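Shown next, in structure tokens, is the structure this report addresses.
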Amino acid sequence: MRRMIIAGNWKMYKTLEETLVFFDELSSWEKDFRHENQILIFPPNLYTMSCLEKTRGNDIDIGVQNIYFKDFGAYTGEISPPMLTSIGCKYALVGHSERRHIFAENDEEINRKILSLLKHKKHIVFCVGEKENEREDGYTEQVLTNQLRYGLGDVGEKDMQQITIAYEPVWAIGTGKTATPEIAQDAHAFIRNWLKDNYSSHVANKARILYGGSVKVANCEGLLIQPDIDGALIGGASLKINDFIEIIKKGEEVANRKDQ
């Protein structure tokens, strides 16, 4: 069975003080909670070092929300994979729809980031997903195919061990709309079949594919129980300690049921 991931993308929320309080509570709770699933949080990049220090000794992973594909240079405001290595950070989020649509990142740039992270042995959560008009016009599979093909260009089969894919329909991010479990499962199955056709059955069976898009305590169980959904990339609910803990607990319950 694939190990489930419960991940939180904090985007540009929380002060440092609020972040430290959150991690004090999460770390204290996690030490007494036996879990098999992976817990992963992407706080604002500015807080990465503080979060790594807060989770030392815990089974909680920390990642950054974005990187640049160059190792070093005159790139004001950017951070690079070697900088992650220097502070002991192993995870990075790439290709989130807000990076694509607000900051005009294209598939070529996303691919260069993925290749740079792979070169430096980082683990990547690679986001893909269609906009509302693309789904309404019947282009979901075409959009996903293009994002996967170009985003994973020159990525070898062995490298896929370091990549988790997150399906995030843009129309469900921060809108309160959530893909039904059936819609989400169909998209995840399509992605897994694409991996089978373009890599191998081994890669497809091992790949972890997360769902993201208005995941909440109330709907997470129905999503996580789907056969091709291997966890969640959570936005707003990951900012609330009680909600995030409840989703982690529900994830454990679902994983145990899937394992039977």
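Using my numbering, the first residue of the sequence shown is number 15, and each one after it goes up by one. Even glycine gets a Cβ: it sits at the ideal position worked out from N, Cα and C. Small disclaimer: the values here were computed from a predicted structure and weren't measured.
Short Cβ contact (9 Å threshold) for residue i with residue j
i	j	result
Val-157	Glu-146	no
Val-169	Cys-141	no
Tyr-105	Val-139	yes
Thr-178	His-134	no
Leu-40	Ser-64	no
Gly-188	Asn-125	no
Gly-249	Val-217	no
Ala-246	Ile-76	no
Ala-251	Val-231	yes
Lys-272	Gly-227	no
Ser-130	Asp-85	yes
Lys-110	Glu-266	Lys is not the amino acid found at residue 110; the sequence shown has His there. Result no, Cβ atoms of His-110 and Glu-266 do not sit closer than 9 Å.
Phe-83	Ile-262	no
Met-26	Val-268	no
Leu-132	Gly-102	no
Gln-175	Lys-220	yes
Ile-223	Leu-162	no
Asn-80	Arg-113	yes
Trp-208	Thr-159	yes
Pro-183	Arg-149	yes
Glu-235	Lys-264	yes
Trp-24	Ile-259	no
Arg-16	Asp-244	yes
DSSP three-state assignment for residue i, whether helix, strand or coil
i	result
Phe-204	helix
Gly-152	coil
Thr-29	coil
Span of the alpha helix (DSSP H) around residue i
i	result
Cys-65	62 to 68
Arg-271	255 to 273
Range covered by the beta strand (DSSP E) that runs through residue i
i	result
Gly-245	245 to 248
Ala-21	19 to 23
Heavy atom of the ligand NAD within 8 Å of residue i beta-carbon
i	result
Lys-210	Because no ligand of any kind appears in the structure shown, any question about the ligand NAD cannot be addressed here.
Worksheet item: Is there contact here, the region 189 to 201 with the region 228 to 245, by at least three beta-carbon pairs under 8 Å?
Response: yes
Practice prompt. Mind listing, in chain order, the continuous beta strand (DSSP E) runs of no fewer than 3 residues lying wholly within the region 187 to 243?
Written response: 223 to 226
Worksheet entry | Three-pair Cβ contact test at 8 Å for the region 117 to 132 versus the region 43 to 60 | no
Discussion item. Across the region 19 to 37 and the region 254 to 269, are there enough close Cβ pairs to call them in contact, namely three or more that are closer than 8 Å?
Written reply: yes
Worksheet item: Of all the beta strand (DSSP E) runs that stay within the bounds of the region 35 to 118, which reach a length of 3 or more residues?
Response: 52 to 56, 75 to 78, 105 to 108
Item to complete: Write down every uninterrupted run of the alpha helix (DSSP H) in the region 118 to 186 whose length is 4 residues or greater and which is fully enclosed by it, in chain order.
Response: 121 to 133, 146 to 150, 154 to 165
Item to complete: Could you say if the region 80 to 89 and the region 44 to 53 meet the contact criterion of at least three C-beta pairs nearer than 8 Å?
Response: no
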